[in-house]
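Okay, structure first, notes after.
Protein chains: 2
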Amino acid sequence: MVRAGARVTPERARSHNRVLVLQELYRSEGLSRADLARAVGLTRVTISDLVADLIADDLVIELGIRADARPGKPATLLDINRAGFAIVALDLSYLNLFRGVVTDLDGTVLHREQLDVTGVTGTAAVDAVAELLARLVARADAPILGVGVGSPGIVDDAGTVLSAPNLGWADVPLQDTLAERTGLPVLVANDANAAALAERTFGGAEDDTLLIRIGRGVGSGLVIGGRLVRGAHSAAGEIGHVVVGTDGGEVCACGKTGCLETWLAIPRLQARAEAASDATAREAVLAAAGERLGISISPVVGALNLGEVVLSGPLDLLDGTLLDSAAETIRSRTMADSHGGPAVRMTTLGRDIVVLGAAVMVLTGQLGVF
Amino acid sequence: MVRAGARVTPERARSHNRVLVLQELYRSEGLSRADLARAVGLTRVTISDLVADLIADDLVIELGIRADARPGKPATLLDINRAGFAIVALDLSYLNLFRGVVTDLDGTVLHREQLDVTGVTGTAAVDAVAELLARLVARADAPILGVGVGSPGIVDDAGTVLSAPNLGWADVPLQDTLAERTGLPVLVANDANAAALAERTFGGAEDDTLLIRIGRGVGSGLVIGGRLVRGAHSAAGEIGHVVVGTDGGEVCACGKTGCLETWLAIPRLQARAEAASDATAREAVLAAAGERLGISISPVVGALNLGEVVLSGPLDLLDGTLLDSAAETIRSRTMADSHGGPAVRMTTLGRDIVVLGAAVMVLTGQLGVF
DNA sequence: TTCGTTAGTAAAGGTTACTAACAATCAAAT
DNA sequence: ATTTGATTGTTAGTAACCTTTACTAACGAA
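Structure, rendered in structure tokens:
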């Protein structure tokens, strides 16, 4: 009920305007001070002053004189110092594997590292994260802006993993631990939530988007009005154990019957697909899974009037029949309004979606960009 | 994709801080300037200055000297001038009836008016709204802060009713029309969305709440992180025509089979309840309806990790069996996590919920309060 | 009475963004 | 070739805002 109503001191106003300048520079490269003034709405004088600050902080660089022939004094083009800082991003959601990357400010992957963590859980798993992180930090060849981590399980605002059964974690203050060990700013969030951020930022998703991650389990991340939804108890997106339909289904590990995971989790889905006698039967398996997904998602699409639903997971199983079936099911079960329902598609970001999302978390948290 | 990144000029900073002061005063009556300084985080000097402005605008009044015996100079208590302004709020969602009220800034209803609109549609219905509004304006005995309207149908950000079949409206710019005719600030939103705002503000709802309105149709309003969700096409909350379950159901006016409305809309529900042979059969009807509601809502509860689900509609049908059945269904179909799922309850605001929500819209839009 | 505390105000100072004015630079018209 | 007009970026001065510092008023407690 308490609203974060922060007072605005002149200093805060300044930093807010600084962020606006960074925002503009981030998304459209090659702007002059005058361009920024027009885009942001501040005067050229003020923009010059802000840009001087940003250049002093090495966050912005001058690219040189604009080439095109226009009347008037030629503009000095600016850009964010995209190569001047590095971001370290980790993805802890793989089976028996931690993956991590170093990116520049554009999310371009510069280095990759991974660490086998078969059988590693609890504090040993935390140590493994720290080790992978240390390796990546060592490989970064620019000052590190921050560290982003996409973790399975339920993660609260403070980056504490409240629950991640596969890693044997409960109330693990991962963000604080890593920040303390590295001395760097660290941000930890749920992997599917991070993926949703990546899709919005790098995948061209709309401002009201649901991203569904299908792997060992089924999770999702939700961006509403351009902002990530965290939920009343930090558990937004946990749709894997919502029961689908009214006609039974398989028994789930959680004890219920007909959970979304029993229909869609990759191990089960793969097993059913492989058990199919022929191609037609295989298609039927996938279509049924897509239909279940559509049934489960339809109320969410309706209630939130989502513009886009994006799937992330193995293409060989998800793309095609399953995706089409899900899209068709959503269309047929929600208001087929003038817009023809939400776009339903696969992510274009592939396996890097979580690390990219973790990078976005750093960009947002440290620079205010996006 | 475009973020509303408004630059912060000193003037804007000032008005933001003004709003913070109003916020504090609004929710905890009987604060001194020094109290405000502590609460808001600005210095006593600045607060005094802001308060002087607000007093000059007649928005804040001095109540007198604080009574309690403490060392030091006694405090001068302040309050929002709650009786100094009136809000006019309309509810267009009744069958054949427009209702409206005049409230003070606390949402206390001072006057009521209503207008029979049986058979009135299209521009005549707009005229009827204007007439009801004029009557209420005439009865207000304080300057009118603004006008809020809760309308059925799909309403966009600009207060244009994109579609309201029962009133024969399509693309009706109700907000602009009323603003032009009255010269007052007018805000129009969907009735269920307004109701959700009322529940959050006056009903003590959490920051992640779903409000479901069951009447002629079924609609909902969604508050996420304390903010109303509008949706990609302004149609958030339209859950009435989402198909429930996988086992058929009645045919709906929309052409689909098994829509939530076919299970829950009051006319149908009442008919089924009255057709019940005895009390047990009646209970079964209500329990089945509640179960359908729960089935439909469960994915939304899971995806958003909602803290609270609130029902608004006729108590005789909804409260009791139906409500309990819905709550139990949600519990059994979602992650029964440590929190035991969301609270499921009836609204405490009764029939005024929509007008109160419309009043909240004015408070928010004009004063920035809430 | 004296001391310490709290509320509110006054004056001065620093930060911020704005307006006005100007130099630099170039295209296009004359 | 020169003038005109447009555009960029900077300098100088101003207004608005919040803060720090210092003050008075008012009160309880020792």
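Chains as they are written, first to last, in our numbering: chain A, 1438 to 1807; chain B, 1438 to 1807.
C-beta atoms are modelled at their ideal positions from N, C-alpha and C, and glycine is treated no differently.
For clarity, every value in this text was computed on a predicted model and none was experimentally measured.
{"Asked": "Below 7 Å CB to CB, which residues in the same chain sit around T1446 of chain A once its five sequence neighbours on both sides are set aside?", "Found": "none"}
{"Asked": "For a test of the three-state rule: what should DSSP assign to I1676 of chain B, helix, strand or coil?", "Found": "coil"}
{"Asked": "Compare the C-beta of D1684 of chain A with all C-beta atoms of chain B and state if any pair is closer than 8 Å.", "Found": "yes"}
{"Asked": "Check whether the stretch 1747-1762 of chain B and the stretch 1544-1555 of chain B are in contact - that is, three or more C-beta pairs closer than 8 Å.", "Found": "no"}
{"Asked": "On the DSSP bridge assignment, give the partners of N1627 of chain A in chain order.", "Found": "A:S1588"}
{"Asked": "For a contact meaning CB atoms closer than 7 Å, what does R1444 of chain A contact in chain B?", "Found": "N1454, L1457, V1477, G1478, L1479"}
{"Asked": "Per the DSSP calculation, W1606 of chain A is bridged to which residue(s)?", "Found": "A:A1601"}
{"Asked": "Tell me, please, which residues DSSP counts as bridged to D1553 of chain B.", "Found": "B:L1534"}
{"Asked": "Determine whether the beta carbon atoms of D1645 of chain A and G1731 of chain A lie at a separation below 8 Å.", "Found": "no"}
{"Asked": "What's the C-alpha gap between G1668 of chain A and P1779 of chain B?", "Found": "11 Å"}
{"Asked": "Any residues in the stretch 1577-1611 of chain A with a beta carbon nearer than 7 Å to a beta carbon of chain B? Which ones, in chain order?", "Found": "none"}
{"Asked": "In the DSSP output, which residue or residues are listed as bridge partners for E1499 of chain B?", "Found": "B:L1515"}
{"Asked": "Tell me which same chain residues have a C-beta within less than 7 Å of the C-beta of N1630 of chain A, skipping the five on either side of it?", "Found": "G1658, L1665, G1674"}
{"Asked": "Run the CB neighbour count on S1714 of chain A, radius 10 Å, all protein chains shown included, and call it buried at 16 or more, exposed below.", "Found": "exposed"}
{"Asked": "For R1449 of chain A, I'd like the list of residues in its chain whose CB is within less than 8 Å of its CB, leaving aside the five on either flank, ordered along the chain.", "Found": "A1443"}
{"Asked": "By DSSP's criteria, R1705 of chain A is part of a beta bridge. Which residues make up the other side?", "Found": "None, per the DSSP bridge assignment."}
{"Asked": "Determine, for G1674 of chain A, whether the minimum Cβ-Cβ distance to residues of chain B falls below 8 Å.", "Found": "yes"}
{"Asked": "Output the distance between the C-alpha atoms of P1751 of chain A and N1627 of chain B, rounded to the nearest integer angstrom.", "Found": "40 Å"}
{"Asked": "At a cut-off of 7 Å, would you count A1710 of chain B as near the ligand SAM, judging by its Cβ distance to the nearest heavy atom?", "Found": "Here there are no bound small molecules, and the ligand SAM is not part of this structure."}
{"Asked": "Quick test of your reading: V1586 of chain A and V1625 of chain A, contact by CB under 8 Å. State the CB separation rounded to the nearest angstrom.", "Found": "4 Å"}
{"Asked": "Taking Cβ positions only, does R1440 of chain A come closer than 8 Å to chain B?", "Found": "The predicted position of R1440 of chain A is uncertain, since its pLDDT is 41 and thus under 50; a value taken from the coordinates is nonetheless stated next. Closer than 8 Å: yes."}
{"Asked": "When you compare the CB of M1798 of chain A with every CB in chain B, is at least one pair closer than 8 Å?", "Found": "no"}
{"Asked": "Helix or strand or just coil, what does DSSP make of E1636 of chain B?", "Found": "helix"}
{"Asked": "What's the call for V1679 of chain A, buried or exposed, on a 16-neighbour Cβ count within 10 Å?", "Found": "buried"}
{"Asked": "Leaving aside the five residues before and after N1603 of chain A along the sequence, list all residues of the same chain whose C-beta is less than 7 Å from its C-beta, in chain order.", "Found": "P1589"}
{"Asked": "Taking 6 Å as the limit between beta carbons, can you name the residues of its chain near D1472 of chain A, skipping five residues before and five after?", "Found": "none"}
{"Asked": "Could you give the distance in angstroms between the alpha-carbon of P1508 of chain B and the alpha-carbon of V1477 of chain B?", "Found": "23 Å"}
{"Asked": "Which residues of chain A have a Cβ atom closer than 8 Å to the Cβ of T1785 of chain B, listed in chain order?", "Found": "Result: empty, since nearest Cβ-Cβ is about 16 Å, beyond 8 Å."}
{"Asked": "Measure from the alpha carbon of T1614 of chain B to the alpha carbon of each residue in B:G1596, B:G1605, B:S1600, then state which is nearest.", "Found": "B:G1596"}
{"Asked": "So that I know if they touch, is there some Cβ in chain B lying closer than 8 Å to that of V1538 of chain A?", "Found": "no"}
{"Asked": "Please check the pair V1497 of chain A and L1491 of chain A, which I expect to be a contact at CB under 8 Å, by giving their CB distance rounded to whole angstroms.", "Found": "4 Å"}
{"Asked": "Which class does V1566 of chain B belong to by DSSP, given the choice of helix, strand or coil?", "Found": "helix"}
{"Asked": "Hey, is S1485 of chain A's beta-carbon within less than 8 Å of any beta-carbon in chain B?", "Found": "no"}
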